[in-house]
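The listed protein sequences correspond, in order, to chains F and Z.
Heads up: the first sequence is residues 13 to 308, going by the working numbering.
Heads up: the second sequence is residues 7 to 337, going by the working numbering.
To start, the structure itself, in structure tokens.
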Amino acid sequence: MRRRAVHQEFDPTQPLVATGNLRRRHAVSRVVQSLAVAAAIAAVAVLVIVIWAVVSHGIKAISWEFITRPAPKGVAPNLVGTAEIVGIATLMAMPIGVLIALFLSEYSGPRSTRPVQLLMDVMNGLPSIIIAVFVFALLVANGKGQAGIKASVALAIIMVPLIARGTQEVLRLVPAAQREAADALGVARWRSVLTIILPAATGGIVTATLLSVARAAGETAPVLLLSSLATGDAFQLNPFKEIPNVPVRIFQLSEEANPEGFTEAWGLSLILIAIILVLGLGSRYLLNRSKRKLAR
Amino acid sequence: MSATPPAGTASLKLARSNRQSPARKRADRFGDMSLRLICAGAAVLAAVVLFLIAKEVIEGAQPAFSKFGFSFITHQEWAPPLEKFGGRGVILGTLITSAMALCIGGPIAISIGIFLALLAPTSVRNLFSPLVEMLAAIPSVILGFWGLLILGPVLVSTIEPFLHNTFGFIPLFGTPQTTGAGIFNAGLILTIMVIPIIASVTRDLFMAVPRELQDGAAALGSTRWEVIRGVVLPTTLSGMTAACLLGLGRALGEAIAVSQVIGGGTESHISLFKNGGTMASIIALQFPSPVNALHEASLYYLAALLLVIGMASNVLANYVGARFSGVGATR
């Protein structure tokens, strides 16, 4: 085919269009490009289908009673419980995550950066069920019993690498000129870290924390092993007792073949997904704002 | 507001006081030292936690390991009341579901990465990128619930009979069951979970491929696909491998969604449409109420295997990603 195209005589009156081999190459290119577009559309379609299913089924369960009353009519204790477990986890994880990020960006030498970075990556990649099993072995096994705060510990282990990485990314954006200006003025390092670098990175730290909260709120494996005995017929605020929560309730309801339970689970899923998406979008907005501010 | 650079006056004041007072100097030395120590301490704490995780899980597995040794991995039977434990069924289940997720999800995700980084106009990219990432934000328990109630019935009424009738001669595509729960369903759910991970990593990779290389290829007459195949994919090969390893780590370790849709079971078989189990899902289902001490130890054994595989895939991803980043244009 190609040979024929080469030997064809040039006809200046013909319009300039690709023929032969070139036409084939264009066609291949076009096919591959449309496949890529189709893949992206398919992914978004899956997202839409899942969210549509959650919304259309979940909306039937939602009522004022549903979100303000304990079981059997509502799920308020589970909502409060998840908020409490995740809140305590955030209090534990945020300082540690930020400090590790500070270590990586301000203090570590070339020799310690790599291992700590790798440590964070490995912790980030650990399956949450393993972390749950670990906390179970350490704090629950041998008759010590479940408790909300133990679930918080597991969630904190999941959150630390997320917060550290997010914080590190913003710390990298703090202009070098600001550090150098502080150094030139003879400001001690710790003062410049606390009064210049950290304040400049606040927006990013909040973003990273919100994102990790969104992730932790939906984590089921840790709460399933560490705080699953309370079903939500009463409020439980004591973190040293089993705290009812959202993910475990959804999981338990999905394991029972009970249509009313399914409706309740859809309702819970809708609330959970709404919270997570709001956190995700909010943090994205905050991140863009703080990045713009730093870039100025 | 608070994030604006602090006014020079405060720093100046600090600087002056620094120079003048020896007490301040001592305080600064102390402050520097302690902040450095606290930061390093946090890093050490994380290392200690990781070490403790490995220690606790391996210690828990000790009784099972001393009883079964490595034959646990190849032994078939999983019968808690009889104190007989073998991981072959769930290990096979893990391998099949993860392989399915990577084989289906990998190409799709890389295509999405190509689309987002190279083909889509900026406005489309800014719309699609967050949407793809949103897919990753859906909690696994909700995805599993959806897979059980919505996806399962669809699979069992349409797709599974079709695959069975067309490819039934391959043992993978055995007789469909009635519920729609099973290994096939779990593999699809895992596919949905790995796609956003691989897609967002590869998108960043492809965006980092230098513009000049692509323009050069285009100037030599390459079509868009030839630029991608000849320039973009080869320079990012290591990064794509790393991304797939990250996805694999996620797929191997997902417990909740899989345990919801896989139907539960520990037999070793390769029919996609039957019930099954993965290491992580069996831990999630049976760990809260073990039948006997050996049962618990065997579950720890599975957790230890999972820990080793998960860490290995992450370290490997890190190594592959870093090892070749200088050669290509990955970062």
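Glycine residues also receive a C-beta, built at the ideal position from the N, C-alpha and C atoms.
Note that this is a predicted model, so its numbers are computed, not measured.
- Secondary structure at Gly-269(Z): strand, using DSSP grouped into helix, strand and coil.
- With contacts defined by Cβ atoms closer than 9 Å, Gly-109(F) and Ser-224(F) form a contacting pair.
- For Gly-70(F), the enclosing alpha helix (DSSP H) starts and ends at 32 to 70.
- Here DSSP, grouped into helix, strand and coil, assigns Gly-282(Z) to strand.
- Listed in chain order, the positions of the stretch 123 to 135 of chain F with a beta carbon within less than 9 Å of a beta carbon of chain Z are Ser-124, Arg-126, Pro-127, Val-128, Gln-129, Leu-130, Leu-131, Met-132, Asp-133, Val-134, Met-135.
- Among the residues facing chain F, Tyr-306(Z) is included, as its CB has a counterpart in that chain under 9 Å away.
- Comparing C-alpha distances from Tyr-307(Z) to each of Ala-286(Z), Ala-323(Z), Leu-322(Z) shows the shortest one belongs to Ala-286(Z).
- Residues of chain Z with a Cβ closer than 7 Å to the Cβ of Gln-180(F) do not exist, since the nearest Cβ in that chain sits about 12 Å away.
- Note on Asn-90(F): 16 or more other CB atoms within 10 angstroms of its CB, so buried under the neighbour-count rule.
- Annotation for Arg-184(F): Ser-117 place their beta carbon closer than 8 Å to its own, counting only its chain and skipping 5 residues before and after.
- With contacts defined as CB atoms closer than 9 Å, Met-132(F) and Val-186(F) fail to qualify as a contacting pair.
- Nearest in C-alpha terms to Gly-158(Z), of all of Phe-134(Z), Gly-193(Z), Ile-176(Z), is Gly-193(Z).
- In the structure shown, Lys-156(F) adopts coil according to DSSP, grouped into three states.
- DSSP places Asp-245(F) outside any alpha helix (DSSP H), giving it a letter other than H or E.
- Lys-85(F) carries a coil assignment under DSSP once its states are collapsed to helix, strand and coil.
- Between Ala-126(Z) and Ile-141(F), the alpha-carbon positions lie close to 37 Å from each other.
- Residue-level contact by beta carbon fails for Pro-89(F) and chain Z, as no gap is shorter than 9 Å.
- Cβ-Cβ separation between Leu-137(Z) and Val-56(F): approximately 5 Å, consistent with a contact (criterion under 8 Å).
- Between Ala-220(F) and Leu-291(F), the C-beta spacing is not below 9 Å.
- Residues of the stretch 191 to 216 of chain Z with a Cβ closer than 8 Å to any Cβ of chain F, in chain order: Ile-198, Ile-201, Pro-202, Ala-205.
- The beta-carbon distance between Glu-62(Z) and Phe-146(F), rounded to whole angstroms, is 5 Å. This is short enough to meet the 8 Å contact definition.
- At a cut-off of 9 Å between beta-carbon atoms, Phe-247(F) makes no contact with chain Z.
- As a beta-bridge residue in DSSP terms, Phe-91(Z) pairs with Trp-84(Z).
- For Asn-298(Z), no CB of chain F lies under 9 Å from its own CB, so it is not counted at the interface with that chain.
- A check of alpha carbon separations from Phe-173(Z) across Thr-128(Z), Leu-243(Z), Ser-277(Z) identifies Ser-277(Z) as the nearest.
- The alpha carbon of Ile-102(Z) has as its nearest neighbour, out of Leu-141(Z), Gly-282(Z), Val-200(Z), the alpha carbon of Gly-282(Z).
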